[in-house]
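Single-structure report; data block below.
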Amino acid sequence: METGIATTPFGRRPMSLAMLAAQNESREIPKGRVVEKWQVYRNLCEGKSVVGVG
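Going by the numbering used here, the letters in the sequence shown line up with residues 2 to 55, in that order.
What follows is the structure in structure tokens.
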């Protein structure tokens, strides 16, 4: 039986040191600093021709 920590959500994939560093940095984000992803999505949908989103 194998034991370990999955580093990617869809099975085995190569993991770079940069990806691990980004994961560590994301854990250090201050509590009050958040982004409302659905508000960002709505804003992009409204201005997609200006921003160049397809």
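Glycine included, each C-beta is placed from N, C-alpha and C at the ideal position.
Return the chain-ordered list of same chain residues with a C-beta closer than 7 Å to the C-beta of residue i, the five sequence neighbours on each side being excluded.
i	result
G48	none
Y42	none
Just to confirm my understanding: we take residue i, look at its own chain, exclude 5 residues before and 5 after, and list those with CB closer than 8 Å. What are they?
i	result
V35	none
State the Cα-Cα distance for the pair residue i and residue j, rounded to the nearest angstrom.
i	j	result
R13	L21	15 Å
M16	A23	11 Å
A19	P31	21 Å
Grab me the residues of residue i's own chain with a C-beta within less than 6 Å of its C-beta, minus the 5 sequence neighbours each way, in chain order.
i	result
S27	none
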